[in-house]
Structure formats: structure tokens, C-alpha cells
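Residue numbers 1 to 187, in the working numbering, belong to the letters of the sequence shown in order. Each residue gets a CB set at the ideal place from its N, CA and C atoms; glycine is no exception. Let me begin by presenting the structure, written as C-alpha cells, before commenting on it.
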Amino acid sequence: GRADLDTDAVDVAAAVAAAVRDVTTEAADRGITFHGRLAPCEAVTNLPLLRQAVGNLLANAVRHNAGGGTVEVETGTDPRPGWVRVRIRNTGPVIDPQVVQLLGEPFYRIRPRYRPAGRGHSHGLGLPIALAITEALGGSLALTANSEGGLTAELRLPAVDAGKLAVPSEAAPGKPGTNRRYGRLQD
């Protein structure tokens with residue numbers, strides 16, 4: 001559920017664009033390109049925490065990608081009324097859908113063969129931190145293994161409706177502490 005945090009109406013597309021800029025050097029060094037569809041949307045959130053969560057997801061998408069791969073980034077209104085969505089999808093090695101559920105656990109890393117040699121020191125904390133931030137902001141984070149390789153992360157947050165703080169029309173996907181919706185293989 002939502003923690004007692006300072007929140008405001010935040011331009012999600014602008015926050016995501018800034019987070020993408022923060023990882024472009026690392027991505028360029030690996031030949032990874034970004035493709036984006038950043039549709040305007042506003043969420044009731046905390047800007048620094050949103051930037052941290054999205055930054056962790058983007059860093060993960062770059063570091064655990066194939067050299068010369070891609071990262072697709074989308075923002076927009078979620079099909080569920082009252083929510084906005086950030087979707088980050090990367091190319092990369094095929095991930096067993098059974099282990100995706102473990103990626104939200106602190107210090108869990110997929111076998112070293114999935115880690116690029118000489119690419120930073122992953123401690124297995126990026127996704128758990130993104131999950132904890134998202135839950136604290138009243139949202140949800142879903143991770144899905146892509147059948148052709150890589151991972152898709154979908155972060156959902158409460159939307160701002162016509163300049164007023166909206167009350168989402170339905171509860172966040174999953175209940176507090178249970179929105180760790182992982183493991184569904186995406187076609």
C-alpha cells in the first residue's frame with residue numbers, strides 16, 4: 001500500500017525521459033538503442049522515488065541486455081481507468097518464466113551466464129528496490145519473461161484526473177504486499 005510520502009501530480013513522460021538520459025552512455029557503450037513512445041500522462045507520485053524506480057528498471061534493461069540490443073520504453077494511460085503505465089521491454093537472453101518471480105527478491109541474480117562480463121557489479125537489488133518504491137507509492141510492478149528473450153517490466157501508478165488527485169476506480173493490481181505478479185510468459 002501507499003506509504004506516508006509527499007506526492008504530487010507528476011509528468012510521468014518527462015520523468016521517464018530524464019531517467020532514459022541517465023543511462024544513455026552505458027547503453028551506447030554496449031550498442032543498445034532506445035525506442036520510445038512517451039505519451040503524456042500524470043501520476044500521483046513522488047518524483048524522486050519515481051525516477052529511482054524507473055532508473056533501476058532502465059539500468060536493469062541495459063545491463064541485462066544483448067550487445068546491440070534494444071530497450072523499448074512507453075508511457076501512457078493504462079487500460080484500467082485511474083492508472084498510468086510505464087512499460088520497459090528489453091532484448092536479451094531467454095529467461096525461464098519460473099525464475100522471474102524470484103527477481104523481486106533482494107540479492108537474487110540469475111546465473112552468472114546471464115550477467116555481461118565486466119559490466120558493473122550487480123548485487124541483485126535494483127528490481128527489489130523498484131518493487132518496494134512502487135508499492136510504497138500505491139502502485140504495482142509486473143515482470144514478464146519475453147518468449148524471444150529479455151524481460152518486460154510494467155509499472156502502474158495512480159493517475160491524476162483533470163488536475164485533481166484521482167481515486168483509482170479499482171484497487172491496484174494485487175493487494176499491498178501481493179502485487180508481485182511475475183512469471184506469466186508473454187507471447
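- About 5 Å separates the beta carbons of Gly92 and Gly149, which is inside the 8 Å limit, making them a contact pair.
- With distances taken between CA atoms, Ile129 lies nearest to Ala53 out of Ala53, Ala19, His35.
- Burial check for His35: the Cβ neighbour count within 10 Å stays below 16, so the residue is exposed.
- Asp11: member of the beta strand (DSSP E) spanning 8 to 11, first to last residue.
- Closest by C-alpha distance to Val12, out of Asn146, Val94, Leu131, Asp78, is Asp78.
- Residue nearest to Arg37 within the set Thr75, Val160, Leu127, Gln101 is Thr75 (criterion: CA-CA distance).
- For Pro158, the uninterrupted beta strand (DSSP E) run begins and ends at 151 to 158, by DSSP.
- Secondary structure at Gly36: strand, using DSSP grouped into helix, strand and coil.
- For Asn90, the enclosing beta strand (DSSP E) begins and ends at 83 to 90.
- The straight-line gap separating the alpha-carbon atoms of Val94 and Ala14 is approximately 31 Å.
- In the three-state DSSP reduction, Ala59 falls in the helix class (H, G or I).
- Counting along the chain, Ala43 sits inside the beta strand (DSSP E) bounded by residues 42 to 45.
- Here Gly139 is buried. Its C-beta has 16 or more other C-beta atoms within 10 Å.
- By the C-beta density criterion, Leu5 is exposed, having fewer than 16 other C-beta atoms within 10 angstroms.
- The three-state secondary structure of Leu5, taken from DSSP, is coil.
- A direct Cα-to-Cα measurement between Cys41 and Val84 gives close to 7 Å.
- Beyond the five residues adjoining it in sequence on each side, Gly67 comes within less than 8 Å, by CB distance, of Arg30, Gly31, Ile32, Pro116 in the same chain, given in chain order.
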